[in-house]
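Enquirer:
Residue numbers (my numbering): 55 to 1260.
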């Protein structure tokens, strides 16, 4: 029914209905048509495959408790023409096409009788008229839901139920018995029909349609191309409806490969859950509500559904829909309401205070490369100053200094203050623990040192970073005190040669004599002379640690067991050992030299056995006396010569081995380096003449050095030759001396042997041996005492370590328990978080499955996505909000640009308007000045005219002549050039007053441009109002100018009148002169008459007097007349100039009149402009509505395309 033809202004309306699990689908299509009383519905029927009788079935729904139904229902069949005369419908009556029915209550369909005849392939319109629900009782609230109109043949007309055979009758009985027709017309699903009815579905459909229909399932909306055999319903994807699965179900949108998405329109903000099938846009209740689901406020509002204005202090246009926090604060502001400056700036941007945000000078400001504070603030009045909140490591009012124990260059671009890297080995509270410029550490603690306290001090070892530097314990005897201190890491002491151990406290294997303080000596035991080690079967090569005595076997002696046994000498390998035979008196010990047998003699004794006087002594042994000082001196000289001879022999041997040139290797190497330097310079490209000269001088110097060296080398070779000769001679002398020395040694050995024999046979000698052994024993005890002292020190150190461990054991245990408790808390927290992950995933990504949902994903790292177009989580909402915000931002940007363009145009027009107003004011001021001048001139003329009139009343010739002379002396206050300049000024001012028309034309063009903007109607209105105000101001200025022009006109009229009066006065003066002449003539005549009547003498005298007076008066008259003529001839030029001035004044008045007419026209244009502005305002509002409609359509299409899958 929702696809029926609805008459405009009809009471019918479409009503969509959503399917739900708790409401089985019992209707067709998307829903119903709600009808009321006096409603018309028109159904179109076409595509019938068979001609015959058909019943009309109305499917509908009434209120469940409706007891009446719908009593007045009329149906009309509208045929395109008369039935075909050859069809079975040829005999149908027109009255058969008019049916009356009544819809019963508590029913879902009603089959109307009688049937009507319809032809196949013909298009029919079936019109339903719903009259009064209850006859005679109109009810404006009455309504019904019409689902569809079904056209079906009567059961009796179907061939399967007709015929005389029993089977047809049986089928008809079963079909009627199980009410299969009623199940079918009630839109009962096949699975809910009796099985006896299901078997007839395809049979009846086949007879009606005369063919089987293709499934024709939509490949996008259906799961497969297979449909239900009964009814042809395809298997649809989620939220897809229709038999072919080709459209979204009611309450869904976005038909695509994954089905359709629910509209989910907000129950508060939307009129219903129906939305646009493409974009999913719901129909919002109020204008201030927006969003696809009508669950958001318009940009600039928040707190849906009670939308409130965003409070952003004028620094942002939109805010968060839920919290009201402002988004994208401008003008360097921040905060939920843009009420504070961003970090790095200071001020108070709140409305009413409006202190603009300025960069924090800490010290260079944001982006300067040396800004060391994230924020700053103004101290309270009366003396507000900027105070920086310095970052860690910076100090000073402007953060331009490094804090205590920080170093760097904070005042340079890119500079910073870094914490002194002292590996934790300084006290941070102690100033100057490191250098503020270089960062070198000064006051290192914990026995550490170095620029960064990175190693232990000399004499300490360990890990300085772990603060474990410990004093080295070195054995004084085995440690080389002249070498470097112990190793800072391992604590290894610098040992003497052949001394081992971290503390240099023992000799190396097969070495001895640690007590020497110079290192241990090798045992060097003779393998052939020592005992055999019974455990290994090898010679026992170890010796005594103190004296180095090896363990000799029988028949061997000496410290290394390489000699004969004690008191013997000779070669033990050939078993030729002989007794020493040292004289006990003359020898120091009975042991003779084990190689030569010579004994060690006491002073004065000599000879091999120490039984002779020694060299340098004389007398009979044992009574030997020293030879004296002379012999000692000669003997010292001979010994020195012998040592020098040995040195020469050694040097000569060295020369024979290496050659003399080796002594000059350094010199030759230096020369080669210089030559190489010369070659490198010669290979250079940019060599000047001076370089060449310098190189030449250096080559000469080198050549000179080479020549000198070659000469010196030749001299040295000659000296070597002489030395070699002397060496050969010296060798011969050495041989002779050696032979003599061997004889002397043999004699000394003999004397020593004899001395030992004497000592052994003497108690004194034995005492000396015991004393020597006692001394050795004391040395050994002293060494043992030193070792015991070291052991004692080690024991005390161990006790101290144990004490420290015991002191800190409780702290360690307590910290262990605390850490254990924290681990338990963390474990519990992790468990609670894991339990909350499904709910969190539902809120964030839109699915409760954890950790990853197949559709919506999850927030964890294992999931590749979170949210989606069909997922209701906050991520999807955030993405939608972000897209909306971006869209709003772009719109705001475009509107702002357009507003700036309008503002720019207004700013461009405003100076011109102000200039026009200024010019008008200047014109008014000039006109007023001219009026003042004209008024003064008029007053002067009026005064002169009054004086002339008073003069004329007096009628005295003297006064007339004086006045005439005064009048003739009067000149116009302006010459011709000044009058022309005045006229040009007035014309220019009047012409400048026409500029407002041009300005208004430009303004009108700007208004035309403004009409193209969609959201700036108010701004354009304000601008138009401003222009209107300017126009009004110009209008007032023109009115003032018009008044000034009227005053000028009146003044000019007065001037013209005064001029005319002056002319008339001059004419009267001429007439009076003529009258005077006539009076003179009359007086003359009277005089003549009088003279005739008197005596001649008296008459002659009177006549002479009169004649004299007459002549004088005539002379005076002639003079006056001459002066008048003269003056009159001089005033012709002035009269012409006055006439020209009058003409120009007349022209000026005509121009002023035209200016007034133009002013009136300008006022009319301003009125027209107001009308046009109103029209523009209306057009802008229409454009704004159209833009909103287009924006809505764009949003809808964006939403639609956003839901399409690739």
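By construction, the Cβ of each residue, glycine as well, lies at the ideal position given by its N, Cα and C atoms.
Nothing here was measured: the structure is a model prediction, and the numbers come from that model.
Restricting to Cα atoms, I'd like to know which of 590, 609, 584, 588 is closest to residue 597.
Expert: That would be 584, whose Cα lies nearest to the Cα of residue 597.
Enquirer: Figure out for me which residue from 319, 360, 326, 362 has the closest Cα to the Cα of residue 345.
Expert: Ranking 319, 360, 326, 362 by Cα distance to residue 345 puts 319 first.
Enquirer: Run through DSSP, which three-state label would residue 989 get?
Expert: In the structure shown, residue 989 sits in a helix (DSSP, three-state: H, G or I).
Enquirer: Just to confirm, are residue 202 and residue 173 a CB contact at a threshold of 8 Å?
Expert: No, Cβ-Cβ distance for residue 202 and residue 173 is not below 8 Å.
Enquirer: Pull up the distance between the alpha-carbon of residue 155 and that of residue 129, whole angstroms please.
Expert: About 8 Å.
Enquirer: Is it buried or exposed for residue 84, if we count other Cβ within 10 angstroms and need 16 for buried?
Expert: So residue 84 ends up on the buried side.
Enquirer: Within the continuous beta strand (DSSP E) that includes residue 54, where are the two ends?
Expert: The requested residue 54 is not part of the displayed model; the chain covers only 55 to 1260.
Enquirer: Looking at the strands, I want to know which residues DSSP matches up with residue 179.
Expert: In the DSSP output, where bridge partners are listed per residue, residue 179 has 98, 132.
Enquirer: Can you have a look at residue 666 and say buried or exposed, based on whether 16 or more other CB atoms are within 10 angstroms of its CB?
Expert: By the 10 Å Cβ count, residue 666 comes out buried.
Enquirer: So, is residue 875 buried or exposed, given that buried needs 16 or more other C-beta atoms within 10 angstroms?
Expert: With fewer than 16 Cβ atoms within 10 Å of its Cβ, residue 875 is classed as exposed.
Enquirer: Quick one: is residue 1261 buried, meaning 16 or more other Cβ sit within 10 Å of its Cβ, or exposed?
Expert: Because the chain spans 55 through 1260 in this model, residue 1261 falls outside it and cannot be assessed.
Enquirer: Which residues in the same chain have their Cβ closer than 7 Å to the Cβ of residue 462, if we skip the five residues on either side of it in sequence?
Expert: Taken in chain order, the residues that qualify are 456, 469, 470, 471, 472.
Enquirer: With respect to the alpha helix (DSSP H) encompassing residue 595, which residues constitute its N-terminal and C-terminal limits?
Expert: That residue, residue 595, is in no alpha helix (DSSP H); it is neither H nor E in DSSP.
Enquirer: With a threshold of 6 Å on Cβ separation, who are the neighbours of residue 1243 within its own chain once the five nearest residues in sequence on each side are excluded?
Expert: Once the five neighbours on either side are set aside, residue 1243 has no close Cβ partner at all.
Enquirer: Compare the beta carbon distance of residue 554 and residue 515 with 8 Å and say whether it is the shorter of the two.
Expert: No, the Cβ-Cβ distance between residue 554 and residue 515 is not below 8 Å.
Enquirer: Which of the three DSSP states is assigned to residue 436 in this structure?
Expert: Coil, per DSSP.
Enquirer: Taking the straight line between their C-alpha atoms, what separation do you get for residue 684 and residue 691?
Expert: Taking the straight line from one Cα to the other gives about 11 Å.
Enquirer: Is DSSP giving residue 234 helix, strand or coil here?
Expert: Correct three-state label for residue 234: helix.
Enquirer: Could you tell me whether the Cβ of residue 547 comes closer than 8 Å to any Cβ of chain B?
Expert: In the structure shown, chain B does not exist; there is a single protein chain.
Enquirer: Less than 8 Å between the C-beta atoms of residue 382 and residue 370, yes or no?
Expert: In contact: residue 382 and residue 370 (Cβ atoms closer than 8 Å).
Enquirer: Consult DSSP for residue 871 and reduce its assignment to one of helix, strand or coil.
Expert: Of the three classes helix, strand and coil, the one that applies to residue 871 here is helix, per DSSP.
Enquirer: Closer than 8 Å by C-beta to residue 1117: which residues in its own chain qualify, once you throw out the five before and the five after it? Chain order, please.
Expert: Because residue 1117 carries a pLDDT of 49, less than 50, the predicted location of this residue cannot be relied on, and the following value inherits that uncertainty. Counting only Cβ-Cβ distances below 8 Å, and skipping sequence neighbours, we find nothing.
Enquirer: Roughly how many angstroms separate the alpha carbons of residue 1086 and residue 412, rounded to a whole number?
Expert: Only weak support exists for where residue 1086 lies, its pLDDT of 49 falling under 50; the value from the coordinates is given anyway. The alpha-carbon atoms of residue 1086 and residue 412 are separated by roughly 42 Å.
Enquirer: Please report the straight-line C-alpha distance between residue 348 and residue 308, rounded to a whole angstrom.
Expert: The alpha-carbon atoms of residue 348 and residue 308 are separated by roughly 17 Å.
Enquirer: Pull up the distance between the alpha-carbon of residue 1181 and that of residue 979, whole angstroms please.
Expert: Note that residue 1181 scores 48 on pLDDT, short of 50, meaning its location in the model is unreliable and no value can be drawn from it.
Enquirer: So, is residue 74 buried or exposed, given that buried needs 16 or more other C-beta atoms within 10 angstroms?
Expert: When all chains shown are included, residue 74 counts as exposed.
Enquirer: Can you tell me whether DSSP reads residue 357 as helix, strand or coil?
Expert: Here residue 357 sits in coil by DSSP.
Enquirer: With distance defined between alpha-carbon atoms, name the residue in 377, 436, 417, 214 nearest to residue 451.
Expert: That would be 417, whose Cα lies nearest to the Cα of residue 451.
Enquirer: Check whether the stretch 157-166 and the stretch 111-120 are in contact - that is, three or more C-beta pairs closer than 8 Å.
Expert: Yes: the two stretches touch, three or more of their Cβ pairs being nearer than 8 Å.
Enquirer: Do residue 264 and residue 104 count as a contact pair if the criterion is CB distance below 8 Å?
Expert: Contact: yes.
Enquirer: Can you give me the Cβ contacts of residue 425 inside the same chain, cut-off strictly under 7 Å, excluding the 5 residues immediately before and after it?
Expert: Taken in chain order, the residues that qualify are 398, 416, 418, 419.
Enquirer: State yes or no: is the C-beta of residue 495 within less than 8 Å of the C-beta of residue 510?
Expert: For residue 495 and residue 510, no; Cβs fall outside 8 Å.
Enquirer: Have a look at residue 279 and residue 287 and give me their C-alpha separation to the nearest angstrom.
Expert: Roughly 11 Å separates the two Cα atoms.
Enquirer: Ignoring anything shorter than 3 residues, give me the beta strand (DSSP E) runs that lie fully in the stretch 221-293, in order along the chain.
Expert: Counting only runs of 3 or more, we get 276-281, 288-290.
Enquirer: Alpha carbons only, please: which of 122, 124, 944, 95 is nearest the one belonging to residue 131?
Expert: Nearest option by C-alpha distance: 95.
Enquirer: Mapping the DSSP letters down to three states, classify residue 956 as helix, strand or coil.
Expert: Residue 956: helix per DSSP, three-state reduction.
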